[in-house]
């Protein structure tokens, strides 16, 4: 199992329009059939020094393996998402986890 | 749904013994019944500037909601894990995600 976690920081967090557009873009990714499970969320209310709650959206995608994740990276739906939404964020942080 | 993602950096990454001890400690957390799903893994082979692959272990826990996550935080198995393993890491980074 391969888990691809992506955290997004909006370039204009004050814009409800940008927030809605990124949310819609993230939702569109569910159309990629290589994805086993997709979770889209926002920072929870928990607060401790070790918790980073500064991001605007989290995308957690589960794939069967790295090869299937690679298919997602090149999938037209993913490429269209990056193309149409990349102006909305100013930071992205990714953690790719190989689950044993 | 509430996803609690924790990334651990070993204080002595060169120690196979410490690595095995932290892995065993993480595995012990599966005994907490409040957890809906537990994934334990390591950094995948993917390499891009936006990917942080510097951590030694990832722990991804799924809970029904934040209240159930709070039960886990105070659970004796979790407290015993922190107590017996905290000397093994020198950095922990957490992302708590509220999935809508």
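Chains as they are written, first to last, in the working numbering: chain A, 5 to 104; chain B, 5 to 104. From the three backbone atoms N, C-alpha and C, an ideal C-beta is built for every residue, glycine too. Every value quoted in this text rests on a predicted model; they were computed, and no experiment measured them.
Residue ranges of each beta strand (DSSP E) within the stretch 45 to 80 of chain A, 3 or longer: The qualifying runs are 61 to 67.
Residues bridged to residue 42 of chain A (per DSSP): As a beta-bridge residue in DSSP terms, residue 42 of chain A pairs with A:65.
Residues that residue 9 of chain B bridges to, as DSSP identifies them: Its beta-bridge partners are B:64, B:99.
Span of the alpha helix (DSSP H), counted from its first residue to its last, around residue 25 of chain B: Judged by DSSP secondary structure, residue 25 of chain B falls within the alpha helix (DSSP H) whose first and last residues are 20 to 32.
Distance CB(residue 33 of chain B)-CB(residue 47 of chain B) smaller than 8 Å: Taking 8 Å as the Cβ cut-off, residue 33 of chain B and residue 47 of chain B do not qualify as a contacting pair.
Min CB distance residue 43 of chain B to chain A below 8 Å: The Cβ of residue 43 of chain B sits closer than 8 Å to at least one Cβ of chain A.
Residue 38 of chain A to residue 70 of chain A span [Cα, whole Å]: Cα to Cα, residue 38 of chain A sits roughly 11 Å from residue 70 of chain A.
Candidates B:92, B:72, B:19, of which the one nearest residue 6 of chain B by Cα: Sorting B:92, B:72, B:19 by C-alpha distance to the C-alpha of residue 6 of chain B places B:72 at the top.
Residues near residue 95 of chain B by beta carbon distance below 6 Å, same chain, minus five either side: So the list reads 13, once near-sequence residues are dropped.
Residue 90 of chain A and residue 61 of chain A closer than 8 Å at C-beta: Against a cut-off of 8 Å, the Cβ pair of residue 61 of chain A and residue 90 of chain A comes out as no contact.
Contacting positions in the stretch 8 to 21 of chain A - beta carbon closer than 7 Å to chain B: Within the stretch 8 to 21 of chain A, the residues whose Cβ lies closer than 7 Å to some Cβ of chain B are 9, 11, listed in chain order.
Where residue 97 of chain B meets chain A, residues with beta-carbon distance less than 8 Å: Those within 8 Å of residue 97 of chain B in chain A are 54, 56.
Anticipated Cβ contact below 8 Å, residue 97 of chain B with residue 66 of chain B, distance rounded: Wrong, their Cβ atoms sit about 18 Å apart, outside the cutoff.
Exposure label - residue 30 of chain B; buried when at least 16 CB within 10 Å: Residue burial annotation: residue 30 of chain B is buried, with at least 16 other C-beta atoms found within 10 angstroms of its C-beta.
Neighbourhood of residue 103 of chain B by C-beta distance below 8 Å, restricted to the same chain and skipping five residues each side: Hits under 8 Å: 5, 6, 7.
Rounded C-alpha distance that separates residue 54 of chain A from residue 21 of chain A: Going by the C-alpha atoms only, they are around 31 Å apart.
Supposed contact pair residue 100 of chain A and residue 50 of chain B - C-beta distance, whole angstroms, cut 8 Å: About 4 Å separates the Cβ atoms of residue 50 of chain B and residue 100 of chain A, confirming a contact at the 8 Å cut-off.
Sub-8 Å separation of residue 92 of chain A and residue 9 of chain A beta-carbons: Not a contact, by the Cβ cut-off of 8 Å.
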